[in-house]
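First residue of the sequence shown: 9, per this note's numbering; consecutive thereafter.
Taking it in order: structure first as structure tokens, then the write-up.
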Amino acid sequence: MHSFKNIIAVCTASILLFSFSNCGSSQTSSYKLTQNPPFSIDDVFYQDWVAGIKEGGSGTNVHITFKDFTKDVRVDSIYFRNKIEKAKNSPQAKKQYIGYFKKGTNRDIIMDSDPKKEAQNTPPKSFPFELADNEAVVSYVQNGTTNYYKITNIRRKEMLAFPQNKAPSDN
9 MHSFKNIIAV
19 CTASILLFSF
29 SNCGSSQTSS
39 YKLTQNPPFS
49 IDDVFYQDWV
59 AGIKEGGSGT
69 NVHITFKDFT
79 KDVRVDSIYF
89 RNKIEKAKNS
99 PQAKKQYIGY
109 FKKGTNRDII
119 MDSDPKKEAQ
129 NTPPKSFPFE
139 LADNEAVVSY
149 VQNGTTNYYK
159 ITNIRRKEML
169 AFPQNKAPSD
179 N
């Protein structure tokens with residue numbers, strides 16, 4: 009009878025361990041990287057920038073220029089340094105997309121004695137990829153399916169320092 013209880017205890021512990029071990033894997037499985045995307049990349053770089061005034065902020069822009077770009081592909085987002093931004097089509101170059109990553113944006117956080125008001129705060133989303141500082145992932149949609157492609161060895165361009173604007177009274 010004593011060995012029967014041990015068998016039941018081991019089986020129960022095994023079932024619990026296996027059920028909890030699968031909890032986090034379902035999130036990452038939807039972010040599989042594509043090895044052979046339906047495009048090739050002509051040029052890619054990132055460039056830090058800083059505004060001349062405090063309110064202007066600072067950030068990093070990631071520029072990706074594609075070649076051999078098929079019409080059934082739509083570039084969606086750029087994942088870079090634990091942030092995600094929608095890829096914007098450059099007005100100057102039809103096949104260039106830019107991710108505008110602004111630093112230090114302050115989120116409005118509700119602090120209140122009423123828990124219902126504090127519940128309106130949205131927790132930050134977890135970043136789905138482990139990337140080095142010079143790596144990014146571009147997401148694209150092809151035939152209704154979202155795919156992800158990792159770009160490595162992104163070169164860094166010299167920082168842009170925008171001059172301070174003149175005060176309105178100086179005009």
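Idealized CB from N, CA, C, for every residue including glycine.
Keep in mind it's a predicted model, so treat the numbers as computed, not measured.
Option in the options with minimal Cα separation from residue i
i	options	result
threonine 154	Gln55, Val145, Gly60	Val145
phenylalanine 47	Lys79, Phe53, Asn97	Lys79
isoleucine 86	Glu166, Pro123, Lys124, Val52	Val52
methionine 167	Thr68, Lys13, Glu63	Thr68
glycine 64	Ala95, Gln43, Lys110, Val83	Lys110
lysine 75	Lys103, Ile61, Asn44, Gln55	Lys103
arginine 89	Glu138, Thr42, Ala101, Val58	Glu138
glycine 152	Ile49, Val58, Gly60, Val81	Val81
tyrosine 148	Glu93, Asp56, Lys133, Ala140	Glu93
threonine 42	Tyr156, Lys165, Ala169	Tyr156
glutamine 150	Lys158, Phe77, Gln100, Pro99	Phe77
serine 38	Ala169, Pro136, Lys165, Ala140	Pro136
Residue i, buried or exposed, once every other Cβ within 10 Å from all chains shown has been counted against 16
i	result
threonine 36	Confidence in threonine 36 is poor, its pLDDT being 44 and thus under 50, which makes the residue's placement too unreliable to answer from.
arginine 163	exposed
threonine 160	exposed
aspartate 178	In this prediction, aspartate 178 scores a pLDDT of 39, lower than 50, which makes its location untrustworthy; no coordinate-derived value is stated.
proline 171	exposed
Cα-Cα separation between residue i and residue j, rounded to whole angstroms
i	j	result
isoleucine 106	isoleucine 72	6 Å
tyrosine 108	asparagine 142	16 Å
asparagine 44	serine 11	55 Å
lysine 96	lysine 40	23 Å
isoleucine 61	valine 83	33 Å
lysine 91	aspartate 122	31 Å
valine 58	serine 134	27 Å
isoleucine 49	alanine 140	19 Å
| request: Just list the alpha helix (DSSP H) runs in the stretch 31-87, keeping only unbroken ones of 4 residues or longer that don't cross its boundaries, in chain order. | output: With a minimum length of 4 residues, the continuous alpha helix (DSSP H) runs that stay inside the stretch 31-87 are 33-36.
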